[in-house]
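In what follows, a structure is listed as structure tokens, so that the remarks can point back to it.
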Amino acid sequence: MSLLPVVLAGGGGSRLWPLSRQLYPKQFLSFDGGPTMLQKTLGRLDGLETQAPIVICNEEHRFLVAEQLRQIDTDNRHILLEPVGRNTAPAIALAAIAATQDGADPLLLVLAADHLIQDVAQFHDSIKQAQSLAELDCLVTFGVVPTSAETGYGYIHQGAPLGSGYGVRRFVEKPDAATAAAYMESGEYLWNSGMFLFRASRYLQELECFYPDMLRACHQAMTHTTKDLDFTRIDKDAFAQCDDISVDYAVMEKTRHAAVVPLAARWSDLGAWSSIWELSDKCELGNSYHGDVIQEDTRNTLMRSESRLVVAIGLEDLVIIETKDAVLVADRHKTQDVKKIVERLKLEGRDEFKNHRVVYRPWGRYESVDRGQRYQVKRITVNPGAKLSVQMHHHRAEHWIVVSGTAEVTNGEISYLVSENESTYIPIGQIHALKNPGTLPLELIEVQSGSYLGEDDIVRFEDQYGRAGSAC
Numbered sequence: 000m001s002l003l004p005v006v007l008a009g010g011g012g013s014r015l016w017p018l019s020r021q022l023y024p025k026q027f028l029s030f031d032g033g034p035t036m037l038q039k040t041l042g043r044l045d046g047l048e049t050q051a052p053i054v055i056c057n058e059e060h061r062f063l064v065a066e067q068l069r070q071i072d073t074d075n076r077h078i079l080l081e082p083v084g085r086n087t088a089p090a091i092a093l094a095a096i097a098a099t100q101d102g103a104d105p106l107l108l109v110l111a112a113d114h115l116i117q118d119v120a121q122f123h124d125s126i127k128q129a130q131s132l133a134e135l136d137c138l139v140t141f142g143v144v145p146t147s148a149e150t151g152y153g154y155i156h157q158g159a160p161l162g163s164g165y166g167v168r169r170f171v172e173k174p175d176a177a178t179a180a181a182y183m184e185s186g187e188y189l190w191n192s193g194m195f196l197f198r199a200s201r202y203l204q205e206l207e208c209f210y211p212d213m214l215r216a217c218h219q220a221m222t223h224t225t226k227d228l229d230f231t232r233i234d235k236d237a238f239a240q241c242d243d244i245s246v247d248y249a250v251m252e253k254t255r256h257a258a259v260v261p262l263a264a265r266w267s268d269l270g271a272w273s274s275i276w277e278l279s280d281k282c283e284l285g286n287s288y289h290g291d292v293i294q295e296d297t298r299n300t301l302m303r304s305e306s307r308l309v310v311a312i313g314l315e316d317l318v319i320i321e322t323k324d325a326v327l328v329a330d331r332h333k334t335q336d337v338k339k340i341v342e343r344l345k346l347e348g349r350d351e352f353k354n355h356r357v358v359y360r361p362w363g364r365y366e367s368v369d370r371g372q373r374y375q376v377k378r379i380t381v382n383p384g385a386k387l388s389v390q391m392h393h394h395r396a397e398h399w400i401v402v403s404g405t406a407e408v409t410n411g412e413i414s415y416l417v418s419e420n421e422s423t424y425i426p427i428g429q430i431h432a433l434k435n436p437g438t439l440p441l442e443l444i445e446v447q448s449g450s451y452l453g454e455d456d457i458v459r460f461e462d463q464y465g466r467a468g469s470a471c
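Quick note: the sequence shown uses numbering that gives the first Met the number 0, first residue 0, plus one each step.
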């Protein structure tokens with residue numbers, strides 16, 4: 000029986016700030032210059048007999064997901080949009096309902112989009128072992144064989160042998176250091192990976208037993224869906240009625256049919272910068288480098304530069320992460336506390352917790368270059384053939400200077416071309432649009448001026464990406 004991958008691509012990855020942000024979290028990032036975490040998750044399915052995957056993501060991340068799937072030529076894309084976050088149990092229920100709507104009943108291989116697995120062959124072997132148990136109606140989880148007394152993971156206490164795996168005695172919360180060491184010494188405990196394999200109907204039956212109201216809400220949400228480009232939008236009001244609960248709490252800790260298959264595939268959830276350092280290639284001094292960095296008399300330190308030169312002298316056991324708008328310097332052993340800083344930024348209303356200076360849109364991207372009390376300067380890149388929405392602003396005017404390429408501009412009732420080294424002006428309240436009619440990226444500088452410069456000062460009239468009326 001072929002597998003139906005279900006990739007959970009929600010989550011914020013706040014402990015990897017400042018690289019991971021609310022609107023650009025870690026699953027969409029690359030930490031080694033190669034494919035992103037999401038792309039690697041899908042890529043490691045090569046060699047398995049699988050159907051086209053279902054990807055579940057937050058609505059605000061939809062264009063990131065679609066573009067990253069397009070980059071790796073993933074066909075038959077099925078992207079389910081969560082209108083509100085409700086954790087993993089309802090999200091998996093949506094996928095199970097979608098998978099069984101045509102009478103099929105596949106095995107769901109539930110994966111997180113932000114995990115690292117370095118030994119793909121061993122990963123495939125564990126999946127094949129789990130498949131035989133799932134075909135017997137077990138709900139299988141993958142337990143990572145621990146390599147250290149880790150306090151940042153939950154644990155699974157494995158039971159008696161069961162087919163190609165083991166029964167589950169209990170799931171255990173994140174332990175303290177002494178308890179984790181005892182677990183490690185016993186050889187009976189595995190890290191809880193948060194990956195699963197079970198028959199779609201079996202999961203729905205278990206949810207019916209333990210959380211029937213949640214299942215009814217998910218069925219109702221999937222009864223009223225709309226198709227929007229690559230995306231399936233579900234009913235927001237119905238889905239909002241679901242409990243905010245993980246699949247572990249909702250089903251796996253309660254069912255009598257749980258099984259676990261050990262996984263020794265060099266797995267990590269990359270939950271903090273210390274994990275990045277541990278898994279990175281290092282020099283003889285224990286330093287890991289990325290970008291334009293120089294060190295002198297520095298040891299066991301992670302240095303990452305995104306936009307400028309970073310120099311470290313006489314340091315040890317640190318994490319130094321530079322982006323265009325923020326720099327993190329932390330004790331390498333305390334990087335779990337980065338999440339506390341992100342919460343403070345959020346409470347203070349600072350944009351650094353939410354977005355990078357470079358913001359990606361379905362038509363391209365823009366970068367904030369400078370900002371004052373009544374002006375803002377952006378560098379805008381429009382992909383070949385792409386078009387921004389037909390829109391209007393109540394509070395700002397815009398000046399566009401084309402740096403390279405040719406812009407097709409709609410300015411009120413007239414349309415015209417603006418070439419390299421030329422400019423145009425859009426008054427306050429003018430309906431306008433911008434398109435790149437060429438085959439190369441269009442680069443331009445936008446100068447906004449007015450009493451309010453927020454991204455929500457956009458009234459959309461037409462949009463080829465389904466965003467009419469939205470500021471996203």
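Backbone N, C-alpha and C define an ideal beta-carbon position, used for all residues, glycine too. Remember, predicted model here, so these are calculated numbers, not experimental data.
Exposed or buried, what is residue i when buried is set at 16 or more other beta-carbons lying within 10 Å of its beta-carbon?
| i | result |
| --- | --- |
| residue 176 | exposed |
| residue 216 | buried |
| residue 312 | exposed |
| residue 11 | buried |
| residue 470 | Residue confidence for residue 470 is low, a pLDDT of 49 falling below 50, so the modelled location carries little weight; the figure read from the coordinates is stated next. Classification for residue 470: exposed. |
| residue 332 | exposed |
| residue 205 | buried |
| residue 9 | buried |
| residue 191 | buried |
| residue 241 | buried |
| residue 56 | buried |
| residue 435 | buried |
| residue 268 | buried |
| residue 420 | exposed |
| residue 30 | buried |
| residue 360 | buried |
| residue 81 | buried |
| residue 14 | buried |
| residue 380 | buried |
Once DSSP output is grouped into helix, strand and coil, what is the label at residue i?
| i | result |
| --- | --- |
| residue 396 | strand |
| residue 320 | strand |
| residue 113 | coil |
| residue 471 | Low per-residue confidence applies at residue 471: pLDDT is 47, beneath 50, and the placement is therefore not dependable enough to give any value. |
| residue 152 | coil |
| residue 248 | helix |
| residue 223 | coil |
| residue 218 | helix |
| residue 438 | coil |
| residue 30 | coil |
| residue 297 | coil |
| residue 58 | helix |
Nearest to residue i by alpha carbon, out of the options?
| i | options | result |
| --- | --- | --- |
| residue 138 | 368, 336 and 106 | 106 |
| residue 368 | 398, 72, 356 and 361 | 356 |
| residue 222 | 210, 237 and 208 | 237 |
| residue 153 | 45, 116, 322 and 183 | 183 |
| residue 229 | 53, 370, 307 and 4 | 53 |
| residue 432 | 366, 440, 143 and 362 | 362 |
| residue 321 | 334, 336, 314 and 305 | 305 |
| residue 145 | 169, 162, 179 and 389 | 179 |
| residue 396 | 365, 387, 102 and 448 | 448 |
| residue 70 | 231, 31, 27 and 111 | 27 |
| residue 158 | 450, 259 and 464 | 259 |
| residue 401 | 394, 123, 142 and 446 | 446 |
| residue 464 | 203, 22 and 61 | 61 |
Which residues bound the beta strand (DSSP E) around residue i?
| i | result |
| --- | --- |
| residue 258 | 257-262 |
| residue 202 | No beta strand (DSSP E) holds residue 202; the alpha helix (DSSP H) holding it covers 199-209. |
| residue 432 | 431-434 |
| residue 311 | 309-312 |
| residue 67 | It is not in any beta strand (DSSP E) - residue 67 instead sits in the alpha helix (DSSP H) that spans 61-70. |
| residue 230 | 230-232 |
| residue 330 | 326-330 |
| residue 140 | 138-143 |
| residue 423 | 422-425 |
Terminal residues of the continuous alpha helix (DSSP H) containing residue i?
| i | result |
| --- | --- |
| residue 182 | 176-185 |
| residue 122 | 119-133 |
| residue 273 | 272-278 |
| residue 342 | 337-346 |
| residue 42 | 36-42 |
| residue 352 | No alpha helix (DSSP H) holds residue 352; DSSP gives it neither H nor E. |
| residue 268 | Here residue 268 belongs to no alpha helix (DSSP H), and DSSP marks it neither H nor E. |
| residue 239 | Looking at the DSSP string, residue 239 is not in any alpha helix (DSSP H), and its letter there is neither H nor E. |
Minimum length 4: unbroken alpha helix (DSSP H) runs contained in the stretch 367-420: none
Which complete alpha helix (DSSP H) runs does the stretch 78-107 hold, if anything under 4 residues is left out? 87-99
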